[in-house]
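If you're matching them up, the sequences are chains A and B in order.
Quick note: the first sequence uses the numbering used here, first residue 1, plus one each step.
Quick note: the second sequence uses the numbering used here, first residue 1001, plus one each step.
Single-structure report; data block below.
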Amino acid sequence: MNDLVLIFTLGGRRAALRTTEVHSVVELDSLITVPQTPDFVLGLSALRSITLTVIDAAAALGLAPAVRPAAGARAAIVDHAGHRYALVVDEIDDVAEQLSEPTAVPGEAGPGWQRASEGLIETARGPALLLALEVLLSGPAAIAA
Amino acid sequence: MDVVRANIERVGGSIQVSSTPGQGTRIMLSLPLTLSIIPSLTVQSGGQLFAMPRSYVDEIVHGRAGHIEFARAGDAVLVTVRGQRIACLSLAAMLGGTEKFVPEASTLVLIRLAGGDLFALACDRILDHEELVIKPLAPAIMATGLYAGSTLLDDGNPVLMLDVAGIARKARLIGDVQGRVRSGGDDDSREAERKGTPAMLFIGLDGRRKAVRLSLVRRIERIAASSIDLGGERPQAVIGEAIFALAGADAGPLPADQASVLRLGDGTHEIAYVFDTIVDTVDLPEDIVPAPRGGPVEGTVLIGGEPADLLDAHWLFAAFASPVRAARRPLCRLPAGDPWAQSILAPLIENAGYAIVDENFSGEADVAIATDEARPDTLAGGTVITLSADPDSAAQGGDKLYRYDRAGLLARLTALRAGRAA
């Protein structure tokens, strides 16, 4: 198991995304709000002439109300289904090696986590929940459904 | 289906499927003009920039322009632009803004949708007109139905391209395509019902279905067939105390005893139109197939799936109308002392359009009836018709008639009247 994962914290918990899914980590500068979208969609931003859809990852999981990030907040840039997203998370930690296959969490991880995570993985930085990008990007409504 | 939808949504389009059991399925694909350079208008609303495709924009007017007028219907704001009252939407309110909408302080962008619907979208100000490269949006944003795509402006900031059709749909100005089609159909039929001209459908003497605009019909009368006079230059009918020019009589044989006539009036003149039976009052359809040449029939209309001749009122009045003459009914002198003449003969004579007088009448009678029993003393003036109770004596000729020779008597009376009229 030599896959790398990006470790970050989300709602105070450690979570991970496969680095194959992560394009880069950037500091967001401008953010254009998009009226009438679900809360977890923070708005649009631009990165090197490409429009980014900015997602509040914690709100997308239903963990916390969406918070408009401070200028310069770091976000993970991911590509999914032809669109480029910026995931705003609490704090981006590091890239670490994935040491185990995802396993089911003993007991329940909580409703948001349970749907969006593929399971618990061991990393050099400690255990983390591996997130499924597709579920995360579809927002809390899809998770609840 | 899911693959189709994913790909359509990727380019910023949408797919709607509506299905009604037994009727069919309607699939509406809408593909916004994304991934292409489109001339756009950038507008400001609620402190934020938006773009809208210029192809939808009909006109831009300022809320304070003199020629427009705002009206409020409940919560809706309507604006009248050059006599046309259309819905006025606040873009800020459509996008969830909470500021009070002051239409007078806004700039109105008049948007004509593909279906022809017009509405006004009020924004704070128009900024610019530029060619923008529109790129698709993430599904979570497309789901709002308000945006068609996004683009980057010169300063590197993204700007949202509004889906004006989606906004109109959101504001219930238009339904989905199916609803629009259906409601359009309903409107049309209501329109036709409202605008339809009521007409009277009847069967003429020739057995054909005919229609006449109801507004022309003054009355329907039942008159004795004998009061219809076809002998003159122009057919006439005596109705009550007046003589009317009679149309429709050339179409077929008159009924034996009682005839039905329509009294048609143009406000000044009245004419009578003899017919067989009334069918119904109906609404005239919009489509009238014109008659190839002028005449009593204006054209043919379809009523209840069958054709009917629509009477050309103008032609009828031009051909027949003459001021209604107060009839001087011809006088018929009957022997007063003869009970048979008074009780049996008199009604028949009256039906034939004559007024009855007896020997005491000092004036000149047009015709006098003599019977075997009683001959009127005064024979001065007029024709004398002698009726005999004996068929044989009548058969001898002369002006004697068998007294129950109804046809003969009526023919004589009619001929006399026609002779006078001519």
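Backbone N, C-alpha and C define an ideal beta-carbon position, used for all residues, glycine too.
At a Cβ cut of 9 angstroms, what residues of the region 1134 to 1148 of chain B count as close to chain A, listed as they run along the chain? K1135, P1136, L1137, A1138, P1139, A1140, I1141, A1143, T1144, G1145, L1146, Y1147
Nearest-angstrom Cα distance between G1304 (chain B) and A1199 (chain B)? Residue 1304 (chain B) sits at position 304 when you count from the first residue of the second sequence. Residue 1199 (chain B) sits at position 199 when you count from the first residue of the second sequence. One C-alpha to the other measures close to 13 angstroms.
In three-state terms, what does DSSP make of D1176 (chain B)? Taking the second sequence and counting its residues from 1, the one referred to as residue 1176 (chain B) is at position 176. Low per-residue confidence applies at D1176 (chain B): pLDDT is 46, beneath 50, and the placement is therefore not dependable, though the value from the model is reported in the following sentence. It is coil, neither helix nor strand.
Measuring only the C-alpha atoms, how far is I1015 (chain B) from M1001 (chain B)? Residue numbering aside, residue 1015 (chain B) sits at position 15 when the second sequence is read from its first letter. Residue numbering aside, residue 1001 (chain B) sits at position 1 when the second sequence is read from its first letter. If I take the Cα positions, the gap works out to 10 angstroms.
So what's P1307 (chain B) in DSSP terms, helix, strand or just coil? Taking the second sequence and counting its residues from 1, one reaches residue 1307 (chain B) at position 307. The answer is strand: DSSP assigns P1307 (chain B) an E or B state.
Is L985 (chain B) close to chain A, meaning its C-beta is less than 8 angstroms from at least one C-beta of that chain? What is shown of chain B runs 1001 to 1422, which leaves residue 985 (chain B) out entirely.
Tell me, please, whether the CB atom of S30 (chain A) is closer than 8 angstroms to any CB atom in chain B? Walking along the first sequence from the start, residue 30 (chain A) turns up at place 30. Yes - at least one Cβ of chain B is within 8 angstroms of the one on S30 (chain A).
Three-state secondary structure (DSSP) of I1271 (chain B): In the second sequence, counting from the first residue as 1, residue 1271 (chain B) sits at position 271. Three-state DSSP puts I1271 (chain B) in a strand.
Chain B contacts made by the region 33 to 53 of chain A, where a contact means CB separation under 9 angstroms: T33, V34, P35, Q36, T37, P38, F40, V41, G43, L44, S45, A46, S49, I50, T51, L52, T53
What does L1031 (chain B) pair with, by DSSP beta-bridge criteria? Here residue 1031 (chain B) corresponds to residue number 31 of the second sequence, with the count starting at 1. None, per the DSSP bridge assignment.
Please classify R1064 (chain B): does DSSP put it in a helix, a strand, or coil? Taking the second sequence and counting its residues from 1, the one referred to as residue 1064 (chain B) is at position 64. DSSP places R1064 (chain B) in coil when its eight states are reduced to three.
Under 8 angstroms Cβ-Cβ, which residues of chain A neighbour Q1048 (chain B)? Counting from one through the second sequence, the residue named residue 1048 (chain B) turns up at place 48. By Cβ distance, chain A contributes I32, T33, P35.
For E1198 (chain B), which residues does DSSP report across the bridge? Here residue 1198 (chain B) is taken as the residue at index 198 of the second sequence, counted from 1. The sequence shown places Pro at residue 1198 (chain B), rather than the Glu named in the question. Its beta-bridge partners are B:D1283.
What residues from the region 1103 to 1133 of chain B come within 8 angstroms of chain A, judged by C-beta to C-beta, listed N to C? none
From R84 (chain A) to R1082 (chain B), what does the alpha carbon distance come to, in whole angstroms? In the first sequence, the residue the question calls residue 84 (chain A) occupies position 84. In the second sequence, the residue the question calls residue 1082 (chain B) occupies position 82. Each residue's alpha carbon lies about 46 angstroms from the other.
Residue burial classification, S1045 (chain B) (beta-carbon count within 10 angstroms, cutoff 16): In the second sequence, counting from the first residue as 1, residue 1045 (chain B) sits at position 45. Buried, since its Cβ has 16 or more Cβ neighbours within 10 Å.
Proximity winner among B:F1320, B:L1348, B:V1384, B:D1338, relative to D1405 (chain B) (alpha-carbon distances): If you number the second sequence from 1, residue 1405 (chain B) lands on position 405. Of the candidates B:F1320, B:L1348, B:V1384, B:D1338, the one whose C-alpha sits nearest the C-alpha of D1405 (chain B) is B:L1348.
Any beta carbon of chain A sitting closer than 8 angstroms to that of L1214 (chain B)? Translated into positions along the second sequence, residue 1214 (chain B) becomes position 214. Answer no: the Cβ-Cβ gap between L1214 (chain B) and chain A never drops below 8 angstroms.
Could you name the residues of the region 76 to 108 of chain A whose beta carbon sits closer than 9 angstroms to any beta carbon of chain B, in the order they occur along the chain? H80, A81, G82, H83, R84, Y85
In terms of DSSP beta bridges, what is G1024 (chain B) paired with? As a working note, residue 1024 (chain B) is residue 24 in the second sequence. According to DSSP, which records beta bridges pairwise, G1024 (chain B) is partnered with B:T1020.
Please name the residues in the region 108 to 139 of chain A whose beta-carbon is closer than 9 angstroms to at least one beta-carbon of chain B, in chain order. L137, S138, G139
Identify the continuous beta strand (DSSP E) that holds M1052 (chain B) and give its terminal residues. Counted from its first residue, the second sequence places residue 1052 (chain B) at position 52. M1052 (chain B) -> beta strand (DSSP E) spans 1048 to 1053.
Between the region 1092 to 1104 of chain B and the region 1045 to 1063 of chain B, do three or more beta carbon pairs fall short of 8 angstroms? yes
Could you name the residues that DSSP lists as bridge partners for A128 (chain A)? Reading the first sequence from its first residue, position 128 is the one you call residue 128 (chain A). DSSP, once it has assigned bridges, lists A:I121 as partnering A128 (chain A).
With DSSP as the reference, label Y85 (chain A) as helix, strand or coil. Mapped onto the first sequence, residue 85 (chain A) falls at position 85. Reduced to three states, the DSSP call for Y85 (chain A) is strand.
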